[in-house]
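J.: For what it's worth, the working numbering labels the leading residue of the sequence shown as 3, then goes sequentially.
Virtual Cβ for every residue (Gly too), placed ideally from N, Cα, C.
Please read all numbers here as calculations on a predicted model, not as lab measurements.
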Amino acid sequence: MRLYGERIADDPAGLYEEIRMAGPVTRILLDDDVPAWFVVGYREVHHITSNPQLFARDSRRWNAWDQVPETWPLMPYVGWSPSVMFAEGGEHQRRAGAIGDALDVLDRTELTSICERAADRLIDSFAGDGVADLVAQFATQVPLQVIAKIYGLPEADIPILVQDIAESLDADEKAAAAHGRIFARMQQLVQDKHVRPGPDVPSRLIAHSAGLTDEEIVIDLLVVMAAAQAPTGNWIGNTLRLMLVDDEFSVTLQGGRSSVAQALNEVLWKDTPTQNFIGRWAVHDCELGGRRIRKGDLLVLGLAAANADPQVRPSYGESGTNRAHMSFGHGEHGCPFPAPELAEVIAKTAIEVLLDRLPDVELAVDGKELQWRPSLWMRGLFSLPVSFTPTASISR
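#1: DSSP three-state label for P26, please.
#2: How should V203 be labelled, buried or exposed, when 16 other C-beta atoms within 10 angstroms of its C-beta is the threshold for buried?
#3: Mind reading off the beta-carbon distance from R282 to A58? Whole number of angstroms is fine, and I expect it under 8 Å.
#4: Could you check which residue in D216, A24, A284, Q231 has the C-alpha nearest to that of A345?
#5: Could you check if P338 is buried or exposed, using at least 16 other CB atoms within 10 Å of its CB as the buried criterion?
#6: Rounded C-beta distance between D471 and P392? I'm assuming under 8 Å.
#7: Take L76 as the anchor and find which of W237, Q373, L378 has the nearest alpha-carbon.
#8: Apart from the five residues just before and just after K176, which ones in its own chain have a Cβ nearer than 6 Å to its Cβ?
#9: Got a sec, what are the start and stop residues for the beta strand (DSSP E) W39 sits in?
#10: Going by Cα to Cα distance, which pick from E8, G7, A15 is closest to Q277?
#11: In this structure, how does DSSP classify R359 when only helix, strand and coil are distinguished?
#12: Between the stretch 40-54 and the stretch 289-298, are three or more C-beta pairs nearer than 8 Å?
#13: Judging by CA-CA distance, which residue of F140, P26, E20 is the nearest neighbour of N236?
#14: Just the C-alpha distance for T142 and E371, rounded to the nearest angstrom, thanks.
#15: Counting only the same chain and skipping the five closest in sequence on each side, list residues whose C-beta sits under 6 Å from that of K151.
#16: At which residues does the alpha helix (DSSP H) containing G99 begin and terminate?
#17: If you draw a straight line from the C-alpha of L2 to the C-alpha of P78, how long is it?
#18: By DSSP's criteria, A134 is part of a beta bridge. Which residues make up the other side?
#19: Closest by CA to Y153, which one among L108, F88, R183?
#20: Taking contact to mean at least 3 C-beta pairs separated by less than 8 Å, is the stretch 83-94 in contact with the stretch 54-70?
#21: Give the DSSP bridge partners of A284, in chain order.
#22: Within this structure, are the beta carbons of T436 and L305 separated by less than 8 Å?
#23: How close, in whole Å, do the beta carbons of I295 and D126 come, if the pair is a contact with beta carbons under 8 Å?
#24: Helix, strand or coil for W64, going by three-state DSSP, please let me know.
#25: Determine whether the beta carbon atoms of G298 and R63 lie at a separation below 8 Å.
#26: For A394 and Q147, what's the separation of their Cα atoms in angstroms?
#27: Look at the alpha carbon of D122 and the alpha carbon of V355, and state the distance between them as a whole number of angstroms.
#28: Look up R4 in the DSSP assignment and say whether it is helix, strand or coil.
#29: Going by beta-carbon coordinates alone, are D194 and A180 separated by less than 8 Å?
#30: Could you check the C-alpha separation between F402 and D106 for me, to the nearest Å?
#31: Given that a residue counts as buried once 16 or more other Cβ atoms are within 10 Å of its Cβ, and exposed if not, what is S329?
#32: Tell me the residue span of the beta strand (DSSP E) that contains L303.
#33: Would you mind sorting G382 into buried or exposed? The rule is 16 or more other CB atoms within 10 Å of its CB.
#34: Tell me whether E72 sits in a helix, a strand or coil according to DSSP, three-state version.
#35: Just checking my contact of T241 with A341 at CB under 8 Å: how many whole Å lie between their CB atoms?
#36: If we ignore side chains and look at the alpha-carbon of each, how far apart do G99 and I219 end up?
Right, here's the structure in full:
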């Protein structure tokens, strides 16, 4: 089965269930018909992510590189780089441990305040209009504003960084130039923090006992930024959509907050921002889910499909505090502690501030008109148009 095309956006859940009929692990073709394995069984995804000695992250292990064109659209996901993403064993533990330590120092109360201020600033920009696109004008912006702050970037640099990040995600000639500017900005930031360290993530990485080089710090700062921006932004957007279209969660829009956390968790089960992850590479010949996997084979982790596995998926609306989903990955190469907790603080705070500021917000279109971006990897809306009673800006 070809795992690309329009159906990914139209009905990903249906597609995953069709694939599941062939078993928990099945052969697929990625873009340009490059072969891989797609893992949709929860137990199988858990097994892979729990055994990095059998299923590793270094993409140079791939046995199909001779079939991959240089212009392959998925090259940004699999092209090896000296980042924490592709590190293994002790090297990965050294780098990921430093990142986790640098993030864990963040005071959660201060992080909440940073997020509240960022959300208020963004809402101020459209509060008087009575209409807004909560994807472009809010959900995708909040994580970047927060990341820039905890990175210790000067306030004046934040709008430029936000613009460059937006352009880097486009599939045109602007993307490469934007990537170059972001990389250069991180290099300059690390240099500045050597001279003027502060209570920020880059300064903590520089001072960490892991002895990171400046090159390692720069590329890992970029990894953390990318991993935080799109998934957290889509988590906010997908949750706002759920709360605006689903009666079960609309009580929050009527003045209560109790269901924000529940809605966030429901989205991780049903419309998780990171749908699939590419990937792992088999270290040895092995058997998985009744399939014979060869050394060097690529396995794509179907995180959304694993969440929908009938053996583990809670009934709709009954997810509650069940956090056994695979939305943050699992194991050594899952989203590192405490990143999931910090992402939840950002998402929850952003939504609560929005509902406090715009209590009568509602969809400006029929819910069926909302369109998902056609991506195999990320689940997010093109836009989320809403209307509300215009209100005055505030300063915080």
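T.: Judging by the given coordinates:
#1: Position 24 of the sequence shown, counted from the first residue, corresponds to residue 26. Reduced to three states, the DSSP call for P26 is coil.
#2: As a working note, residue 203 is residue 201 in the sequence shown. That one is buried.
#3: The count along the sequence shown starts at 1 and reaches residue 282 at position 280. The count along the sequence shown starts at 1 and reaches residue 58 at position 56. Right, their Cβ atoms sit about 7 Å apart.
#4: Here residue 345 corresponds to residue number 343 of the sequence shown, with the count starting at 1. The option with the nearest alpha carbon to A345 is Q231.
#5: Along the sequence shown, read from residue 1 onward, the residue named residue 338 stands at position 336. Its Cβ being crowded by 16 or more others within 10 Å, P338 is buried.
#6: In this structure the chain extends from 3 to 398, so residue 471 is not present and cannot be described.
#7: As a working note, residue 76 is residue 74 in the sequence shown. That would be L378, whose Cα lies nearest to the Cα of L76.
#8: The residue you call residue 176 lines up with position 174 of the sequence shown. Correct list, in chain order: E169.
#9: Stepping through the sequence shown from its first residue, residue 39 is reached at position 37. In the DSSP assignment, W39 falls within the beta strand (DSSP E) that extends over 36-41.
#10: Here residue 277 corresponds to residue number 275 of the sequence shown, with the count starting at 1. Nearest C-alpha to Q277: A15.
#11: Taking the first residue of the sequence shown as 1, we reach residue 359 at position 357. Correct three-state label for R359: helix.
#12: By the Cβ test, the stretch 40-54 is in contact with the stretch 289-298, since at least three Cβ pairs between them sit closer than 8 Å.
#13: Looking up residue 236 in the sequence shown gives position 234. Among F140, P26, E20, the Cα nearest to that of N236 belongs to F140.
#14: If you number the sequence shown from 1, residue 142 lands on position 140. If you number the sequence shown from 1, residue 371 lands on position 369. Going from the Cα of T142 to the Cα of E371 covers about 20 Å.
#15: Here residue 151 is taken as the residue at index 149 of the sequence shown, counted from 1. Closer than 6 Å at the Cβ level, and outside the excluded window around K151, lie I116.
#16: Residue numbering aside, residue 99 sits at position 97 when the sequence shown is read from its first letter. Counting along the chain, the alpha helix (DSSP H) containing G99 begins and ends at 91-106.
#17: What the structure shows of the chain is the stretch from 3 to 398, and residue 2 is not part of that stretch, so it cannot be assessed.
#18: The residue labelled residue 134 in the question sits at position 132 within the sequence shown. V388.
#19: Walking along the sequence shown from the start, residue 153 turns up at place 151. Out of L108, F88, R183, L108 has the C-alpha closest to the C-alpha of Y153.
#20: yes
#21: Stepping through the sequence shown from its first residue, residue 284 is reached at position 282. F57.
#22: Outside the displayed range of the chain (3 to 398) lies residue 436, so it cannot be described from this structure.
#23: Taking the first residue of the sequence shown as position 1, residue 295 is located at position 293. Taking the first residue of the sequence shown as position 1, residue 126 is located at position 124. Contact doesn't hold; Cβ gap of about 53 Å is too wide.
#24: Sequence index remark: in the sequence shown, residue 64 carries index 62 (1-based). In the structure shown, W64 sits in coil (DSSP, three-state: anything other than H, G, I, E or B).
#25: Residue numbering aside, residue 298 sits at position 296 when the sequence shown is read from its first letter. Residue numbering aside, residue 63 sits at position 61 when the sequence shown is read from its first letter. The answer is yes: Cβ separation under 8 Å.
#26: For the purposes of this step, residue 394 is taken as residue 392 along the sequence shown, with counting starting at 1. For the purposes of this step, residue 147 is taken as residue 145 along the sequence shown, with counting starting at 1. For A394 and Q147, the distance between alpha carbons rounds to 22 Å.
#27: Start at 1 with the first residue of the sequence shown, and residue 122 comes out as number 120. Start at 1 with the first residue of the sequence shown, and residue 355 comes out as number 353. Distance between the alpha carbons of D122 and V355 is about 7 Å.
#28: Stepping through the sequence shown from its first residue, residue 4 is reached at position 2. Reduced to three states, the DSSP call for R4 is strand.
#29: Translated into positions along the sequence shown, residue 194 becomes position 192. Translated into positions along the sequence shown, residue 180 becomes position 178. Cβ atoms of D194 and A180: not closer than 8 Å.
#30: Nothing can be reported for residue 402: it is not among the residues displayed for the chain, which extend from 3 to 398.
#31: Against the sequence shown, residue 329 aligns to sequence position 327. The residue is buried, with at least 16 neighbouring Cβ atoms inside 10 Å.
#32: The sequence position of residue 303 within the sequence shown is 301, counting from 1. Per DSSP, L303 belongs to the beta strand (DSSP E) from 300-303.
#33: Translated into positions along the sequence shown, residue 382 becomes position 380. Classification for G382: buried.
#34: As a first step, residue 72 must be located in the sequence shown, where it is residue number 70. In the three-state reduction of the DSSP assignment, E72 falls in the coil class.
#35: Walking along the sequence shown from the start, residue 241 turns up at place 239. Walking along the sequence shown from the start, residue 341 turns up at place 339. Not really, about 18 Å apart at Cβ, beyond 8 Å.
#36: The residue given as residue 99 occupies position 97 in the sequence shown. The residue given as residue 219 occupies position 217 in the sequence shown. Near 13 Å, if we compare the C-alpha coordinates of I219 and G99.
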